Structure formats: C-alpha cells, structure tokens
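All remarks here apply to the structure that follows.
Residue numbers (our numbering), protein chains in the order written: chain A, 932 to 1137; chain B, 1018 to 1190.
This is the structure in structure tokens:
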C-alpha cells in the first residue's frame, strides 16, 4: 500500500486505545471452556423425556403408553443420528461465519425465510396430525358423546399444550420477521450500496 | 490456558496470542455494532469465541486476518439483525491507551481517537465498514474479501467516506 499520511494519522488515532479489561478476557476464556459442555442439555432431554415415557409405559402397562414410548425413542434416535452425522460431515461449518459479508447475508436471509416457512409448514402438519389423532381416538376409544370426549382431561391437556406451542411459534415467527427486515436492510446498506463508480457505469450504459 | 491452535504450516499459537493480536480490533468492531457497554462486551465475547472456534477450519483460502474479520463482521451482523438498529456509543468504547505513550500523548491520542470514532459512527454502514477495516490495517483487497464487494467498490466508497470524515471532523472542531 502506498503511503497516505492522512490515513496513517487516522489509523494511529483509531488504534490508539487498545487495552481490554482483564475480566473481559476471563469471560471469553470461561465461555470457551463452557462450550465444551454443550452436550448436557440434549442428554438431559433424552434422559428425562425418553426415560419418562419409558417409565410411564412400564408402570402403566397401557398400550398407548407403550406406543408413545416407542415413538419417542424412535424420534430421539433419529435426532441424535442426524445430529452426529451432520457434525461429522460439516464440523463447525453449518453456519458460514467465515464467508464474505455478502455471502453471509445472502445465506442468513435464505435461512430466515426457510425457517419462517418451516414454522408455517410445521404448524399445518401439526394441526393435521392432531386433528387426525383426536378423530381416531374418538372413533376407537370408549367415549360417549363428542362433548364428553372434547372436555376429557387428555384432550384439554392437548389443547393447552397446542395453544402454548402456537403462541411460541407465533412469537418466533414474528421475531424472525424482524430479523429478516434487519438483514435485508443491512444487505442494502453494506453490500448493495451504490457507489460513484456504479453510478458512472450505469450512466455510461444508458 | 484455553488450548492452542496450529495454523497450516505454522507453529502452534496459544489463545493469549490470538487474543492479544485481534482483541483490540474486535473490541472496536463491537463498539461499532453495539451501543451499551454491556452489549459491547457481550458482542465482543461472542465474536472472540466464534473466532477461536473457527480458526481450526481455516485452510488458507484467505489470509488469517481476513478470515478473522469475516467472522467478526458476520457475527456482528447476526447480533445487530436481532436487535433494533442503533448507532454505537463510541465515547464509551475506547479503552485506556497503550502504556508506552506519555500521559500527554495518551490524552491527545485518546481525544483524537474518540473524535474519529464518533465521526466514523455517523457514516452510512456501507462506508463505515470500509473505513473501519482500512483503519484496522486491511488492504483494499482484504477489505473487498471480507465484505464480498469489488476492490474498485472499496476504493470508491473509501474516497467518498474520507471526504465525509474530513467534513465531520472539521465541524467537530
């Protein structure tokens, strides 16, 4: 780079204050060490939920409980297998942090849109699945009227869980929308920002 | 000690060496993207951890400095996209200057540094990042590699940004 006194002076001023508090260094080190223990949450979920459904199946002896336990453990097994395969295949590169800003923004915007679409698709699938399960259970179960069935404890519990999941999904959808707006704004401001050279070439190409 | 990293074809480097080399620049980046001091510290921590974890994946496709700044910029962008937009409060961002300078020199440098940082914070984001990366010592090519724009684009933005900075610094006197 050729000598540029103004930039050199600015650079010296810019970099003049460069000490970092020791406690901030310690925080970073602690965070790095803590990252090595990120397997505890999924292990805990596996043990609590997987173990819980298994215990329920064993103690209750009900057919439904056994089916639930089998389905739960199948889901857990598929999730663990997929996670381990992806980690082995992609290592830490699932998110392209080391891409250029332009590529990263592009990727982040696509992921944001895909996640929002996934939430909608998941909600639709969930609604269809629950509706089918409720209908099937009513048809095959020892229930009298539809009113008795719909106000039974299990259905009420399922409705409550569904409403909570729906609220969580709605909130997440909204937050992703805000994030998407922010990413699009940054793409316009940082990557797509027109420059003098762009303006000149546009005028020349008219 | 938090382990060490061995760059391709180079000797092992401990975490402290990486922290000392890139920490100040990443701290300044955090100050550009976060307003409150606490948020700046959180962002800096996030960026530093991301850099340390990503370094083993560096295969020499770009310089180490470019690699680090790419990660830092992208992490900061992720952070900012999840929060309401706000300009950085640069008056809180700058730390105690290097001890090798005299107290008088430190006071002058610090004051000029603060004014410069405040002026840079007022630039549009596309100009601000080009200027900031240039002031961190990256070449036009490296800056273009970090942002994913052309080298001529970097030059054009830098020219405009410098004119704006001169005006802002003159108004500030």
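Every residue gets a Cβ at the ideal spot worked out from N, C-alpha and C, and that includes glycine.
Source: prediction; values computed, not measured.
When the Cβ atoms of the stretch 1133-1146 of chain B are set against those of the stretch 1158-1178 of chain B, are three or more pairs found closer than 8 Å? Yes, since at least three Cβ pairs between the stretch 1133-1146 of chain B and the stretch 1158-1178 of chain B fall closer than 8 Å, the two stretches touch.
Quick one: give me the first and last residue of the alpha helix (DSSP H) that residue 1067 of chain A is part of. Residue 1067 of chain A -> alpha helix (DSSP H) spans 1032-1071.
Residue 970 of chain A by DSSP, collapsed to three states: which one? Under the three-state reduction of DSSP output, residue 970 of chain A falls in the coil class, being neither helix nor strand.
Can you find a C-beta in chain A that's less than 9 Å from the C-beta of residue 1188 of chain B? No, its Cβ sits nowhere closer than 9 Å to a Cβ of chain A.
Taking any Cβ of chain A, which residues in the stretch 1077-1098 of chain B have a Cβ under 8 Å from it, in chain order? Answer in chain order: 1084, 1087, 1088, 1090, 1091, 1092, 1094, 1095, 1097, 1098.
For residue 1032 of chain A, which residues in chain B fall below 9 Å Cβ to Cβ? Correct list: 1087, 1090, 1091, 1094, 1146, 1163, 1164, 1165, 1166.
On the criterion of 16 or more Cβ atoms from any shown chain inside 10 Å, does residue 1049 of chain B qualify as buried, or is it exposed? Buried.
At 8 Å on the CB atoms, spell out the chain B contacts of residue 884 of chain A, in chain order. With chain A covering 932 to 1137 only, the question about residue 884 of chain A has no answer from this structure.
Does residue 1021 of chain B come out as helix, strand or coil in the three-state DSSP assignment? Looking at residue 1021 of chain B - three-state DSSP - the assignment turns out to be strand.
Which residue from A:947, A:1106, A:965, A:1112 puts its Cα closest to that of residue 1050 of chain A? The shortest C-alpha separation from residue 1050 of chain A is found at A:1106.
Distance check for residue 1037 of chain A and residue 999 of chain A, CA to CA, integer angstroms please. About 41 Å.
Tell me the DSSP secondary structure of residue 1030 of chain B in three-state form. Per DSSP, reduced to three states, the secondary structure at residue 1030 of chain B is strand.
Let me check understanding here. Comparing Cα to Cα, which of B:1045, B:1025, B:1091, B:1056 lies closest to residue 1074 of chain B? The residue with the shortest Cα to Cα distance from residue 1074 of chain B is B:1025.
Apart from the five residues on each side of it in sequence, which residues of its chain come closer than 6 Å, Cβ to Cβ, to residue 1109 of chain B? Note that residue 1109 of chain B scores a pLDDT of 35, beneath 50, so its modelled location is shaky and nothing firm can be said.
Quick test of the definition: if touching needs 3 or more C-beta pairs under 8 Å, does the stretch 1149-1168 of chain B touch the stretch 939-952 of chain A? When C-beta atoms of the stretch 1149-1168 of chain B are compared with those of the stretch 939-952 of chain A, three or more pairs fall below 8 Å, so the two segments count as touching.
Looking only at its chain, what residues have a beta carbon closer than 6 Å to the beta carbon of residue 1067 of chain A, apart from the 5 residues adjacent to it on each side? Once the five neighbours on either side are set aside, residue 1067 of chain A has no close Cβ partner at all.
At what residues does the alpha helix (DSSP H) containing residue 1124 of chain A begin and finish? Where residue 1124 of chain A is concerned, there is no enclosing alpha helix (DSSP H), because DSSP gives it neither an H nor an E.
Closest to residue 1116 of chain A by CA distance: which of B:1099, B:1160, B:1183, B:1187 is it? Nearest C-alpha to residue 1116 of chain A: B:1099.
Do three or more CB pairs link the stretch 1059-1068 of chain B to the stretch 1083-1092 of chain B at distances below 8 Å? Enough Cβ pairs lie closer than 8 Å, so yes.
Using 10 angstroms around the beta-carbon of residue 1047 of chain B, count the other beta-carbons present and answer buried if the total reaches 16, otherwise exposed. Looking at its Cβ environment, which holds 16 or more other Cβ atoms inside 10 Å, residue 1047 of chain B is buried.
Which of the three DSSP states, helix, strand or coil, is assigned to residue 1100 of chain A? Looking at residue 1100 of chain A - three-state DSSP - the assignment turns out to be helix.
Would you mind working out which of B:1161, B:1169, B:1170 sits nearest residue 1079 of chain B, comparing C-alpha positions? Comparing C-alpha distances from residue 1079 of chain B to each of B:1161, B:1169, B:1170 shows the shortest one belongs to B:1161.
Kindly indicate which three-state DSSP category residue 1077 of chain B falls into: helix, strand or coil? Residue state for residue 1077 of chain B is assigned as coil, using DSSP reduced to three classes.
For residue 958 of chain A and residue 980 of chain A, the rounded distance between their alpha carbons: Cα to Cα, residue 980 of chain A sits roughly 33 Å from residue 958 of chain A.
At the level of alpha carbons, what is the spacing between residue 1120 of chain A and residue 1035 of chain A? Looking at the two C-alpha atoms, the distance is approximately 14 Å.
Is residue 1082 of chain A helix, strand or coil when you go by DSSP? Residue 1082 of chain A falls in the coil class under three-state DSSP.
Residues of chain B with a CB under 8 Å from the CB of residue 1122 of chain A: which are they? Among the residues of chain B, those whose CB is under 8 Å from the CB of residue 1122 of chain A are 1143, 1164, 1165, 1166, following chain order.
For residue 1185 of chain B and residue 1168 of chain B, I'd like the C-alpha separation in whole angstroms. A straight-line Cα-Cα distance of about 25 Å links residue 1185 of chain B and residue 1168 of chain B.
With residue 1174 of chain B and residue 1147 of chain B assumed to form a contact (beta carbons below 8 Å), what rounded beta-carbon distance in angstroms separates them? About 4 Å separates the beta carbon of residue 1174 of chain B from that of residue 1147 of chain B, a gap short enough to meet the 8 Å contact definition.
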